[in-house]
Amino acid sequence: MRNIRLKYKNSIHHVMNRGDKGEKIFYSQKLKRYFIRLIEDLSKKFGIEIYAYVVLDNHYHIILKNTSGNISKFMMVLNSKYALYYRSINKGKGYVFQNRFRSILIQNERYIRECLIYLYLNPVRSGLTSNAYNYRWSSLYKVFESSPLKSTLRIIIDLFGSIDNFNMCLVNKDSSLPNIKKFKNIDFIGTNRF
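In terms of this note's numbering, the numbers along the sequence shown are unbroken and rise by one, the last being 748.
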């Protein structure tokens, strides 16, 4: 039986999914680029505000605001469209993703900040880069391109006060953030009253 998803209009979520049996479903630049384009295009279509994302070889993380209340539709179409594209290239049968998607409801700015830092450091902890800013398949990388991802930059400044404060948090949290296993069996991040 599926767990009931905790969601409501304007709720903030950390959503993630991984390849079935840990398969590297984002193994090429072409696949990662396509998935990121899907995130950007479908978020507009379904009225979802993307705070941050990172795409690794076998999984992804997205922090989003459920502005329209359509998080389930957005995620269903995102995963379905990507799965069809992946199968058109790789053939084969069966599931592409391990599950529908994992969603953790986030209470407030403090916890959003923690999740953002966790998300952006994921490629560093996975050994894919030594610097989160250099990981091309993350919304953080786009912040400093010639055409920055304005929503991500605005969110960083809103939550951390400045890019310098964000940088300090990113550097200081590098060694102190918990492993993702801490988040495996929870449906929300917040205070006990939440």
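We treat Cβ as the ideally placed atom computed from N, Cα and C, and that holds for glycine.
Beta-carbon gap between residue i and residue j smaller than 8 Å
i: Y636; j: S693; result: no
i: S565; j: L682; result: no
i: L724; j: I671; result: yes
i: L585; j: Y640; result: yes
i: F651; j: F628; result: no
i: E663; j: L713; result: yes
Same chain, Cβ closer than 6 Å to residue i, neighbours up to 5 away in sequence not counted
i: G623; result: K563
i: N676; result: V608
i: G576; result: N612
i: H615; result: M570, V608 and L673
i: W691; result: K586 and V609
Contacts around residue i, its chain only, beta-carbon distance under 7 Å, and the 5 residues preceding and following it disregarded
i: S705; result: E603 and I604
i: K578; result: D611 and N612
i: L632; result: L592, I593 and L596
i: L649; result: One point to set straight first is that residue 649 is Tyr, not Leu, in the sequence displayed. The residues are D574.
i: S680; result: L610
Inter-residue Cα distance where the pair is residue i and residue j
i: F580; j: D718; result: 32 Å
i: L618; j: K647; result: 31 Å
i: C669; j: K645; result: 35 Å
i: F655; j: V697; result: 26 Å
i: M722; j: R572; result: 30 Å
i: K598; j: Y588; result: 16 Å
i: M499; j: S582; result: Only positions 555 to 748 of the chain appear in the structure, and residue 499 is not among them; the question remains open.
i: N726; j: S716; result: 16 Å
i: S634; j: S657; result: 17 Å
CB contact check: residue i to chain D, cutoff 8 Å
i: M722; result: Given the protein chain composition of this structure (a single chain), no chain D is represented.
Cβ neighbours of residue i in the same chain (closer than 8 Å, five flanking residues each side left out)
i: Y695; result: Y687, N688 and Y689
i: N620; result: K561, Y562, K563, N564, S565, I566, H567 and I602
i: I590; result: Y607, V609 and W691
Environment of residue i [buried if 16+ CB atoms lie within 10 Å]
i: M570; result: buried
i: N685; result: exposed
i: I709; result: buried
i: I625; result: buried
Fully enclosed by the segment 618-660, which alpha helix (DSSP H) runs are 4 residues long or longer?
Runs found: 625-644.
If you scan the segment 557-600 from start to end, which runs of the beta strand (DSSP E) of 3 or more residues do you find wholly inside it?
Fully contained in the segment 557-600 are the following beta strand (DSSP E) runs of length 3 or more, in chain order: 566-572.
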